[in-house]
Amino acid sequence: DNRYADEFGEQDVAIDGLATDNALENDEPQYAPQVISEQNAFLMREMMYSNIWGGGNWREGTGWNGTGWRAQKLERRDIGGKTGTTNDSKDAWYNGYGPGVVAIAWVGFDDHSRALGRTTVNSNLGQGQVSGAESGAKTAEPAWIDFMQVALEGKPEQGKNIPDDIVRVRIDRNSGLLPHKVDSTSMFEYFEKGTEPTEYVGNSLEDSIYSSGSGGTTEEL
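So for the sequence shown, the working numbering puts the first residue at 3; every next one is plus one.
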């Protein structure tokens, strides 16, 4: 069967055949039921956005990158994604979105008994090489970036549409609670109304909720 899915949920529509290039232009769209709230969809979109663009302020020493930072080369603020790596690097994924398109890149073997292994730097290939254990960020994402560069060519960048009942709250960077200061130790975050923190930070928490607890390094999975 030839099938396609609409942008609001899972909806399979059988296509019997195409007589002309515009045979489907006048067909009535068949929308699936909305499966999550507009608010949850926005928050998920923001999380996937931060996978590429990170957050914080580099000049103030609070900047951080998500594992999908390589997609910053697309120079668009309306994209987002998520890396994925299975145990022993047997599969490497990158899933992401842009205006009107969702794409998934996968690298792996049909025979799941084989792992992707590791790569080492080749002295004959110059700078910019990817080496080490194969992962979603290093192995699958470059293909996703190349595809999206073509798929989004000529498409205007879309602004951020914040739905009703989403609030933007300043929180303490270390604890996620309300801060006493409005300097670089705090940051703004989106919440669904009614779920935002109401408690102010104390003085006993040290490790940041945005760090790994080991010098702020991030494993590219």
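Cβ coordinates follow ideal geometry from the N, Cα and C atoms, glycine included.
Since we're looking at a predicted model, the values are computed, not measured.
Buried/exposed call for N4, threshold 16 Cβ in 10 Å: Here residue 4 corresponds to residue number 2 of the sequence shown, with the count starting at 1. Because N4 carries a pLDDT of 34, less than 50, the predicted location of this residue cannot be relied on, and no value is offered for it.
What does a CB cutoff of less than 6 Å around Y51 pick up in its chain, not counting 5 residues either side in sequence? Your numbering for residue 51 matches position 49 in the sequence shown. Excluding residues within five positions, the ones whose Cβ falls inside 6 Å are G82.
So which of H114, P199 and S91 has the shortest CA-CA distance to A135? Here residue 135 is taken as the residue at index 133 of the sequence shown, counted from 1. Of the listed residues, the one whose Cα sits closest to A135 is S91.
Residues near L118 by beta carbon distance below 6 Å, same chain, minus five either side: Against the sequence shown, residue 118 aligns to sequence position 116. These residues qualify, in order along the chain: S91 and E136.
Do the CB positions of A94 and V104 come within less than 9 Å of each other? Here the question's residue 94 lines up with position 92 in the sequence shown. Here the question's residue 104 lines up with position 102 in the sequence shown. The answer is no: Cβ separation not under 9 Å.
DSSP state of K84 mapped onto helix, strand, coil: Counting from 1 along the sequence shown, the entry for residue 84 is found at position 82. In this structure, K84 counts as strand in the three-state DSSP scheme.
Find the nearest neighbour of D2 within the set Q36, G70 and M189, judged by alpha-carbon distance. Since the first and last residues shown for the chain are 3 and 223, residue 2 lies out of range.
Just to confirm, is the Cβ distance from Y96 to T85 under 9 Å? Position 94 of the sequence shown, counting from 1, holds the residue named residue 96. Position 83 of the sequence shown, counting from 1, holds the residue named residue 85. Cβ distance < 9 Å, so Y96 and T85 count as in contact.
Determine the burial state of I54: buried for a count of at least 16 other Cβ atoms within 10 Å of its Cβ, exposed for fewer. Looking up residue 54 in the sequence shown gives position 52. It is buried - the Cβ of I54 has at least 16 other Cβ atoms within 10 Å.
With DSSP collapsed to three states, give me the class of I38. Within the sequence shown, the letter at position 36 stands for residue 38. Residue state, collapsed to three classes: coil.
So who's on the other strand from E48, going by DSSP bridges? Within the sequence shown, numbered from 1, the residue matching residue 48 stands at position 46. Partner(s): none; E48 has no beta bridge.
Tell me which residue opens and which closes the alpha helix (DSSP H) that A153 is part of. To locate residue 153, count along the sequence shown from 1; it is residue 151. Start and end: E143 to A153.
Do you know how far the Cα of G63 is from the Cα of G56? Translated into positions along the sequence shown, residue 56 becomes position 54. Translated into positions along the sequence shown, residue 63 becomes position 61. Approximately 13 Å, taken between the alpha carbons.
Could you give the distance in angstroms between the alpha-carbon of T200 and the alpha-carbon of S177? Along the sequence shown, read from residue 1 onward, the residue named residue 200 stands at position 198. Along the sequence shown, read from residue 1 onward, the residue named residue 177 stands at position 175. The alpha-carbon atoms of T200 and S177 are separated by roughly 12 Å.
Leaving out the 5 sequence neighbours to the left and right, which residues in its chain are closer than 7 Å to F10 when beta-carbon positions are compared? One-based indexing of the sequence shown puts residue 10 at position 8. Confidence in F10 is poor, its pLDDT being 46 and thus under 50, which makes the residue's placement unreliable; the coordinate value appears in the next sentence. Only Y33, A34 and Q36 meet the Cβ criterion.
For Y202 and A7, the rounded distance between their alpha carbons: Sequence index remark: in the sequence shown, residue 7 carries index 5 (1-based). Sequence index remark: in the sequence shown, residue 202 carries index 200 (1-based). Because the pLDDT at A7 is just 40, under 50, the model does not fix this residue reliably, and the value given afterwards should be weighed accordingly. Their backbone Cα atoms lie some 45 Å apart in a straight line.
Should T122 go down as buried or exposed, given a rule of 16 or more other Cβ atoms within 10 Å for buried? Start at 1 with the first residue of the sequence shown, and residue 122 comes out as number 120. Burial call: exposed.
Rounded to whole angstroms, what's the CA-CA distance from F149 to T87? Just pull it up for me. Here residue 149 is taken as the residue at index 147 of the sequence shown, counted from 1. Here residue 87 is taken as the residue at index 85 of the sequence shown, counted from 1. Going from the Cα of F149 to the Cα of T87 covers about 20 Å.
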